[in-house]
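Numbering (my numbering), first residue to last: 174 to 366.
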């Protein structure tokens, strides 16, 4: 396996096996990335407080459950978005009973604790029936825009291109819904891959 210098350094400096697995996965799939190390971050406010990020798409990750259908979803939103449960109902197929999952379910299904959840948890979570939901601002972001995710550890952030995020999703092979605007109504409509 040909691992570039950046990936090799990230693997060497990883704090956990799960974080190390993320960097190996990225290297094996030819994804160019950089790693920013920082104090543990748990909230959007924590991230904004330390302010060490490059320009790009800042992502928050919500792990939710459709309690009526007993289905789980990892929702990727930009920092300034709020989860629009009603608007996503048609796009994602949710019922009216969406609940945020606590640490116990987050650990069981995604293998992490609060603050560390991200797209990369799908590496662990894919064995469970978890669907990735990508909000419209992320779905429609330019392919060369930078996007940031924790590598299953909230003491580091991976920076890569949006086009590479899509490659990651494809390589993971999870169920995914990219939310985009519906025709005419303005309501979200989804596309799955």
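A virtual CB, placed ideally from N, CA and C, is assigned to each residue, including glycine.
For residue 262, the three-state secondary structure derived from DSSP is helix. By the CB criterion at 7 Å, residue 213 and residue 328 fall inside the cutoff.
Three or more beta-carbon pairs separated by less than 8 Å link the stretch 268-275 to the stretch 223-240, which places the two stretches in contact. The shortest C-alpha to C-alpha distance from residue 319 to any of 325, 337, 200 is the one to 337. Note on geometry: alpha-carbon atoms of residue 345 and residue 295 lie some 7 Å from one another. If you check the CB distance, residue 291 and residue 323 come in under 7 Å. In the three-state reduction of the DSSP assignment, residue 293 falls in the helix class, which pools H, G and I.
The criterion of a C-beta distance shorter than 7 Å is not satisfied by residue 350 and residue 248. Residue 271 sits in a strand when the DSSP states are folded into three classes. Using a Cβ distance threshold of 7 Å, residue 191 and residue 254 do not count as a contacting pair. Closest by C-alpha distance to residue 232, out of 310, 352, 315, is 310.
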